[in-house]
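Going by numbering that gives the first Met the number 0, the first residue of the sequence shown is number 0, and it counts up by one from there.
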Amino acid sequence: MNTPQNSGSRLRLLISSKVMALDAALLLFRLATALMALHGWSKFSNFYTEIEEWPDPLHVGVVASKALTVFAELFCAMLVAAGLFTRAALIPLIICMIVIVFVIHAGDPFEDREHGLLYLLSYIALFLTGPGKYSLDNLWKKY
0 MNTPQNSGSR
10 LRLLISSKVM
20 ALDAALLLFR
30 LATALMALHG
40 WSKFSNFYTE
50 IEEWPDPLHV
60 GVVASKALTV
70 FAELFCAMLV
80 AAGLFTRAAL
90 IPLIICMIVI
100 VFVIHAGDPF
110 EDREHGLLYL
120 LSYIALFLTG
130 PGKYSLDNLW
140 KKY
């Protein structure tokens with residue numbers, strides 16, 4: 000039965016900012032941004048293929064540049080998914096996306112930079128919010 004009292008409670012539920020909902024959303028957000036690990040895995044599994052064409056924007060050598068990218072996109076993304084050392088793991092990811100978007104694809108049209116920008120903004124948002132309650136960081140704090 001749809002009484003005015005039930006309608007009010009449903010409305011309150013829709014506009015609620017309960018912590019549980021926020022923590023669940025942060026978990027989903029962390030897992031979604033961790034899809035970057037798929038990019039990192041493909042670079043890791045084919046590390047030495049086409050390495051000569053790999054960009055070296057930091058002038059540390061192509062092998063080191065690709066290794067830094069793999070570290071960020073694969074290992075740091077997995078740490079973010081687990082919510083372990085989340086803010087520290089986000090720093091290499093943020094730097095990697097800044098380099099990709101604003102250095103490597105600097106002259107490219109927006110469409111070529113869009114995915115990198117979405118990841119960059121997502122990583123910055125997660126850095127500001129933290130991993131949430133459903134994370135290994137939170138479990139670690141308890142001990």
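Positions of the beta carbon are idealized from the N, C-alpha and C atoms, including for glycine.
- Query: Considering W40, what are the terminal residues of the alpha helix (DSSP H) in which it resides?
  - Reply: M35 to S44 is the extent of the alpha helix (DSSP H) around W40.
- Query: By the 10 Å Cβ neighbour count, where 16 or more other Cβ atoms means buried, how is I90 classified, buried or exposed?
  - Reply: Exposed, by the Cβ-count rule.
- Query: Just curious, the alpha helix (DSSP H) that C95 is in, first and last residue?
  - Reply: T85 to V98
- Message: Using only CA atoms, which one of V102, L78 and F101 lies nearest to G129?
- Response: L78
- Task: Return the residue from the list K141, N137, W139 and L119 that minimises the CA-CA distance to A31.
- Result: Nearest option by C-alpha distance: L119.
- Query: At which residues does the alpha helix (DSSP H) containing M139 begin and terminate?
  - Reply: Before going further, note that residue 139 is Trp rather than Met in the sequence given. Per DSSP, the unbroken alpha helix (DSSP H) holding W139 starts and ends at L135 to K140.
- Specify the secondary structure class of V102 as computed by DSSP and reduced to three states. helix
- Query: In terms of alpha-carbon separation, which member of H38, L37, H104 and F109 lies closest to D55?
  - Reply: H104
- Enclosing alpha helix (DSSP H) for L117 [first to last residue]: F109 to T128
- Task: Please classify D136: is it buried, with 16 or more other beta-carbons within 10 angstroms of its beta-carbon, or exposed?
- Result: buried
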